[in-house]
Amino acid sequence: MSTNLKIGYNERLVKLINYIKILPKPLNSRQFFLAAVGIAVLLRVALMPFFGHVDLYSEARRVFYALENGYYFDHSYRFVVFYIEMFFAAISTLFIDVTPGLFHIADPTQSTSNLVDYGFFLNDPNIYRHLFFFKLPYLLFDLATAAVIWNFIDKPEHKKIALLIWLFNPVTLFATYVFGRFEVISLFFLALTALQLKYDRVFLASLFFAMALQCREINLMFAPFFLIALIDFKDHYLRNLVLVSASALLIALLYYLPDWLIGLSGGELGLFVDPNATHGSDAFNKLLSLGYYWFYPIVIGLSALAIYQWEIGQRSRAERFVVCASVALFIYFGFNVHSVHYAAWIVLFPIMTIQFGKKVVLPFIAFSGIWIILWLLKTDSGVFTLFLAAPLSTDFIGMGHFPSYFQQNFASDKLSLYQTIQIVRSLFLVVMGFFAYRILRRSSNEY
65 MSTNLKIGYN ERLVKLINYI KILPKPLNSR QFFLAAVGIA VLLRVALMPF
115 FGHVDLYSEA RRVFYALENG YYFDHSYRFV VFYIEMFFAA ISTLFIDVTP
165 GLFHIADPTQ STSNLVDYGF FLNDPNIYRH LFFFKLPYLL FDLATAAVIW
215 NFIDKPEHKK IALLIWLFNP VTLFATYVFG RFEVISLFFL ALTALQLKYD
265 RVFLASLFFA MALQCREINL MFAPFFLIAL IDFKDHYLRN LVLVSASALL
315 IALLYYLPDW LIGLSGGELG LFVDPNATHG SDAFNKLLSL GYYWFYPIVI
365 GLSALAIYQW EIGQRSRAER FVVCASVALF IYFGFNVHSV HYAAWIVLFP
415 IMTIQFGKKV VLPFIAFSGI WIILWLLKTD SGVFTLFLAA PLSTDFIGMG
465 HFPSYFQQNF ASDKLSLYQT IQIVRSLFLV VMGFFAYRIL RRSSNEY
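Residue 65 is where the sequence shown starts when you use this note's numbering, and the numbers rise one by one after that.
Structure, rendered in structure tokens:
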């Protein structure tokens, strides 16, 4: 009897071993990267032809206008982004037929399209193809950023977590492929900056940071943290002084280079800039006169953060830069929210802190959730509503304008839409604080 039991046991064991052999083996790091990127590309390609804010059309027609009229040295604003988009626009003309007048600009000082022109664009028979090609450079820089993140992080399990957050978080997907903005190009150069700092390549880091400044003005906020991160507290102060000064000079020269090139080429700096506009100067005066309640808490917070970065000088350059840039964003967005797609700036640096043992998965989940709720409530007619989905449907979500839907079905005298927005806005600040806590706390090997 015992012999029969033993034989039966052995047979079952052999069957189990044979079954295990046919199970798919776990993916190695390279296979995981390719599989994740492949799925991410399919998701992005599915979104690219069907959505776009009026800002995407405005950006595209500025590029096509400059290309058509030969203004190759006539756009100093976001210099790097502009020439990247010019390059891809030139290639796209091989695959799309631009309807006469579709990208015509009657007044080149007006950078944003009016809704009449946008309406003609939405009814163009080639709109799906246009939207796809408008976003093609964003797709390539998005995937390139994923590759930089993958190479920045060392531990295989942390690589996978960071890659998945970058490829599948709703904020980046919305900002880049639904709303249709170019933030990811700027984020790519910031990621390259951090990667060069990891290997102490100060010259290349300075070069890429200067290019990031030519993509988005907000990156100027990171400049103090970048320069402080260059300091090696174990080195002689004169060597540090020379290094930081040379880096600052390189960044400044590259920052002003476009204006010099345009001046030498005889270009007009006023293209797409309203000469009668006073908004910029008025905003600056209001900023310095306490007109913006959020400005001074941000200055206080960033100053305190600079002191903190000085105090952790024993850590690596890359860690100091990435950690402090992350917290700088939490401070900024904790007190200031302008547009739905700007939140995409928050994504990159916290992901890169995973390299230093920071636990950010739960904060990312909270951040994504509160961001969706906030902008469903705080939206306008161009966000989460018919304008974004106009190529696909005139009422994509089936409820029209969500704030109006909320007013009709949920709001009351005790809890108005405005009060609800303020509550959710406060919760957004709490989430920014939660993020900062997780990133500033002592690193842990656990994840």
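Note that CB positions come from ideal geometry on N, CA and C, so glycine has one too.
Go ahead and pull the three-state DSSP assignment for residue i.
{"i": "P361", "result": "helix"}
{"i": "S457", "result": "With a pLDDT of 48 at S457, under the threshold of 50, the modelled position of this residue cannot be trusted; read the value that follows with caution. S457 falls in the coil class under three-state DSSP."}
{"i": "M112", "result": "coil"}
{"i": "G497", "result": "helix"}
{"i": "N304", "result": "helix"}
{"i": "G421", "result": "coil"}
{"i": "N283", "result": "helix"}
{"i": "Y241", "result": "helix"}
{"i": "I326", "result": "helix"}
{"i": "L318", "result": "helix"}
{"i": "F102", "result": "For clarity, residue 102 is Gly in the given sequence; the question names Phe instead. Helix at G102."}
{"i": "F272", "result": "helix"}
{"i": "F297", "result": "coil"}
{"i": "P90", "result": "coil"}
{"i": "L479", "result": "coil"}
Where does the unbroken alpha helix (DSSP H) through residue i begin, and where does it stop?
{"i": "F232", "result": "220-232"}
{"i": "N400", "result": "Note, N400: premise wrong, no alpha helix (DSSP H); not H, not E."}
{"i": "M416", "result": "412-416"}
{"i": "F146", "result": "143-156"}
{"i": "K262", "result": "247-262"}
{"i": "Y562", "result": "What is shown of the chain runs 65 to 511, which leaves residue 562 out entirely."}
{"i": "Q472", "result": "466-473"}
Here's a check: name, in chain order, each residue in its chain whose Cβ is nearer than 8 Å to the Cβ of residue i, leaving out the five neighbours to either side.
{"i": "L369", "result": "F289, C388, V391, A392, I395"}
{"i": "I249", "result": "V144, V145, I148, P201, Y202, F205, C279"}
{"i": "D218", "result": "Q419"}
{"i": "N233", "result": "V411, F428, S432"}
Return the chain-ordered list of same chain residues with a C-beta closer than 6 Å to the C-beta of residue i, the five sequence neighbours on each side being excluded.
{"i": "S93", "result": "P220"}
{"i": "N400", "result": "W358"}
{"i": "F498", "result": "P427"}
{"i": "A407", "result": "V235, W435"}
{"i": "S156", "result": "F197"}
Please look up how many angstroms separate the CB atoms of residue i and residue j, rounded, as I've assumed it's under 8 Å.
{"i": "F252", "j": "T209", "result": "5 Å"}
{"i": "T484", "j": "L441", "result": "6 Å"}
{"i": "F397", "j": "W214", "result": "At roughly 26 Å, the Cβ-Cβ gap does not stay under 8 Å, so F397 and W214 are not in contact."}
{"i": "A100", "j": "L227", "result": "6 Å"}
{"i": "P414", "j": "I503", "result": "6 Å"}
{"i": "N58", "j": "I160", "result": "Given that the chain is displayed from residue 65 to residue 511, the structure contains no residue 58 and the question cannot be resolved."}
{"i": "T261", "j": "A382", "result": "According to the sequence displayed, residue 261 carries Leu and not Thr. Sure, about 4 Å apart at Cβ, within 8 Å."}
{"i": "F185", "j": "Y129", "result": "That belief does not hold up - the Cβ atoms of F185 and Y129 are roughly 14 Å apart, past 8 Å."}
{"i": "A287", "j": "L314", "result": "About 12 Å separates the two Cβ atoms, so there is no contact after all."}
{"i": "A153", "j": "V127", "result": "5 Å"}
{"i": "Y319", "j": "L277", "result": "5 Å"}
Report all residues from its chain with a CB closer than 7 Å to the CB of residue i; omit the five preceding and five following residues, and keep chain order.
{"i": "W409", "result": "E247, I282, L393"}
{"i": "L291", "result": "V308, S311, A312"}
In chain order, which continuous runs of the alpha helix (DSSP H) of length 4 or greater are located wholly inside the region 159-218?
-> 179-186, 191-216
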